[in-house]
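>
Residue numbers (the UniProt record's numbering): 1 to 338.
Here it is, written out as structure tokens:
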């Protein structure tokens, strides 16, 4: 793999599009459209599938209201709308809902919302009185808008799939991250979960890295985006520690975890996450010298002013493209991750 720090690169994880006679005949019924959230990723997905993104008008009225119009006939087609709910989250979510509604009213046979990053996922249950469960609210909005199916990557919690009463395909960015780590041939690996809630994710990651040992960081969270790291469960001394999480937002949890790993004698520290949310002050924390590399994917676009020398961005376009093709062809998606 030709990995470039601070810039997006294609993953070495490759998938082969099915080119059966049935697939070639039915390809004209497949349509891909992109919202404004991550057009570059959508274009890479379209190239993998072997087609162009469909034409669409997106504009705003003077008062800020969004307008969407599909510019080609999609009657009877399987339509895939690619739109992560990244910053500005409300605008991108609303744009997705309007796109779904436009496709439904244009008589599409099936509308699939492809959401590489599912926003509002952190409020997935009530932890105190009078709270909203926004992950469920967003699920209701997408369903009521008219989506027939949802495809999302690395949900903050897997239970969100159960909030939908329509088919939901949950895929993982781990094959892309694992391929990159395997290519580096890092010695004495230990996979580290930044909190108890991420143990299942870290354990699965460790298993794919040759049953690498597992360590857990015990932390207490006093408020949103504020965490106090207490201690490490497991042996990290003299080892190459790989911190694994689904997202990096402000970077506080993962930076404090890396600092503790260094204090406990870890020789090198790498951070891996699928979603690079990177809210301030994430840049300062991640580029402070605590990490050899911070490895993320391009589910969320990362502007140039949010890049730093230790950052490695891998593309999940091939993985998403293969998933879309398999859904369209009614073949197994889960077999991609076995």
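In this text, a Cβ means the ideal position worked out from N, Cα and C, and glycines have one as well.
List the endpoints of the continuous alpha helix (DSSP H) containing residue 205.
Position 205 of the chain shown holds residue 205. First-last of the alpha helix (DSSP H) with residue 205: 199-208.
> Are the CB atoms of residue 141 and residue 168 within a distance shorter than 9 Å?
On the chain shown, residue 168 is found 168 positions in, with the first residue counted as 1. On the chain shown, residue 141 is found 141 positions in, with the first residue counted as 1. Against a cut-off of 9 Å, the Cβ pair of residue 141 and residue 168 comes out as no contact.
> Take residue 149 and list the residues in its own chain whose beta-carbon comes closer than 8 Å to its own, dropping the five residues that flank it on each side.
Along the chain shown, read from residue 1 onward, the residue named residue 149 stands at position 149. Here the set comprises 110, 111, 112, 113, 166, 167, 168, 169, 327.
> Spell out the partners DSSP gives residue 231 in its beta bridges.
Locating residue 231 in the chain shown gives position 231, where the first residue counts as 1. Answer is 218.
> Compute the Euclidean distance between the alpha carbons of residue 400 and residue 239, then round it to the nearest angstrom.
Beyond the ends of the chain as shown, which are 1 and 338, falls residue 400; an answer cannot be given.
> Grab me the residues of residue 25's own chain with a C-beta within less than 8 Å of its C-beta, minus the 5 sequence neighbours each way, in chain order.
Mapped onto the chain shown, residue 25 falls at position 25. Residue placement at residue 25 is flagged as unreliable, the pLDDT there being 39, under the threshold of 50; the coordinate-derived value follows with that caveat. Closer than 8 Å at the Cβ level, and outside the excluded window around residue 25, lies no residue.
> Exposed or buried, residue 21, counting other C-beta atoms within 10 Å across all chains shown (16 or more means buried)?
Against the chain shown, residue 21 aligns to sequence position 21. Because the pLDDT of residue 21 is 34, which lies under 50, any placement of that residue in the model is unreliable, and the number read from its coordinates should be weighed accordingly. So residue 21 ends up on the exposed side.
> Out of curiosity, what's the CA-to-CA distance linking residue 318 and residue 285?
Position 318 of the chain shown, counted from the start, is the residue given in the question as residue 318. Position 285 of the chain shown, counted from the start, is the residue given in the question as residue 285. Going from the Cα of residue 318 to the Cα of residue 285 covers about 31 Å.
> Keeping to the same chain, check which residues put their C-beta closer than 7 Å to that of residue 254; ignore five residues upstream and five downstream.
Taking the chain shown and counting its residues from 1, the one referred to as residue 254 is at position 254. Counting only Cβ-Cβ distances below 7 Å, and skipping sequence neighbours, we find 194, 243, 245, 248, 271.
> In chain order, what are the residue ranges of uninterrupted beta strand (DSSP E) at least 3 long that sit wholly in the stretch 42-70?
Fully enclosed beta strand (DSSP E) runs of 3 or longer: 56-60, 66-70.
> What's the C-alpha gap between residue 180 and residue 160?
Walking along the chain shown from the start, residue 180 turns up at place 180. Walking along the chain shown from the start, residue 160 turns up at place 160. Rounded to the nearest angstrom, the two C-alpha atoms are 28 Å apart.
> Go through the stretch 75-140 residue by residue and report every complete run of the alpha helix (DSSP H) that reaches 4 residues or more, in order.
Counting only runs of 4 or more, we get 89-105.
> For residue 50, which option in 102, 119, 30, 73 has the closest C-alpha, if you only look at C-alpha atoms?
Start at 1 with the first residue of the chain shown, and residue 50 comes out as number 50. Minimum Cα distance to residue 50 is reached at 30.
> Along the chain, where does the beta strand (DSSP E) that runs through residue 186 open and close?
The residue labelled residue 186 in the question sits at position 186 within the chain shown. Counting along the chain, residue 186 falls outside any beta strand (DSSP E), and DSSP gives it neither H nor E.
> Do residue 146 and residue 85 have their beta-carbon atoms positioned less than 9 Å apart in this structure?
If you number the chain shown from 1, residue 85 lands on position 85. If you number the chain shown from 1, residue 146 lands on position 146. Taking 9 Å as the Cβ cut-off, residue 85 and residue 146 do not qualify as a contacting pair.
> In angstroms, rounded to a whole number, what distance separates the CA positions of residue 60 and residue 69?
On the chain shown, residue 60 is found 60 positions in, with the first residue counted as 1. On the chain shown, residue 69 is found 69 positions in, with the first residue counted as 1. Roughly 12 Å separates the two Cα atoms.
> Whole angstroms are fine: how far does the CA of residue 259 sit from the CA of residue 197?
Here the question's residue 197 lines up with position 197 in the chain shown. Here the question's residue 259 lines up with position 259 in the chain shown. Distance between the alpha carbons of residue 197 and residue 259: 20 Å.
> Please state the DSSP three-state secondary structure of residue 324.
Start at 1 with the first residue of the chain shown, and residue 324 comes out as number 324. DSSP places residue 324 in helix when its eight states are reduced to three.
> Closer than 6 Å by C-beta to residue 23: which residues in its own chain qualify, once you throw out the five before and the five after it? Chain order, please.
Sequence index remark: in the chain shown, residue 23 carries index 23 (1-based). Low local confidence applies: a pLDDT of 40 at residue 23 is under 50, so the model's placement there is unreliable, with the coordinate-based value given in what follows. Here the set comprises 329.
> Classify residue 116 as buried or exposed, calling it buried when 16 or more other Cβ atoms lie within 10 Å of its own Cβ.
In the chain shown, residue 116 corresponds to position 116, counting from 1. So residue 116 ends up on the buried side.
> Report the rounded CA-to-CA distance for residue 230 versus residue 80, giving the unit in angstroms.
As a position in the chain shown, residue 230 is number 230, starting the count at 1. As a position in the chain shown, residue 80 is number 80, starting the count at 1. When rounded, the distance between both Cα atoms is 44 Å.
> Spatial neighbours of residue 136 within its chain, please: CB distance less than 6 Å, with the 5 preceding and 5 following residues excluded, ordered by chain position.
Here residue 136 corresponds to residue number 136 of the chain shown, with the count starting at 1. Hits under 6 Å: 163.
> Over the uninterrupted alpha helix (DSSP H) stretch that includes residue 286, give me the two end residues.
Along the chain shown, one-based indexing puts residue 286 at 286. Segment 282-286, the alpha helix (DSSP H) holding residue 286.
> Could you give the residue range of the alpha helix (DSSP H) that holds residue 254?
Numbered from 1 along the chain shown, position 254 holds the residue referred to as residue 254. Residues 252-263.
> Please list, in chain order, all residues of the same chain as residue 333 whose beta carbon is under 6 Å from its beta carbon, the five residues on each side excluded.
What you label residue 333 is simply residue 333 of the chain shown in a count that begins at 1. Correct list, in chain order: 169, 323, 326.
> Are the Cβ atoms of residue 67 and residue 57 separated by less than 9 Å?
Numbered from 1 along the chain shown, position 67 holds the residue referred to as residue 67. Numbered from 1 along the chain shown, position 57 holds the residue referred to as residue 57. Taking 9 Å as the Cβ cut-off, residue 67 and residue 57 qualify as a contacting pair.
> Going by beta carbon distance, what residues of the same chain come within less than 7 Å of residue 72, once the five residues before and after it are set aside?
Against the chain shown, residue 72 aligns to sequence position 72. 54, 55.
> Residue 236 to residue 250, Cα distance in whole Å?
Along the chain shown, one-based indexing puts residue 236 at 236. Along the chain shown, one-based indexing puts residue 250 at 250. C-alpha separation (whole angstroms): 25 Å.
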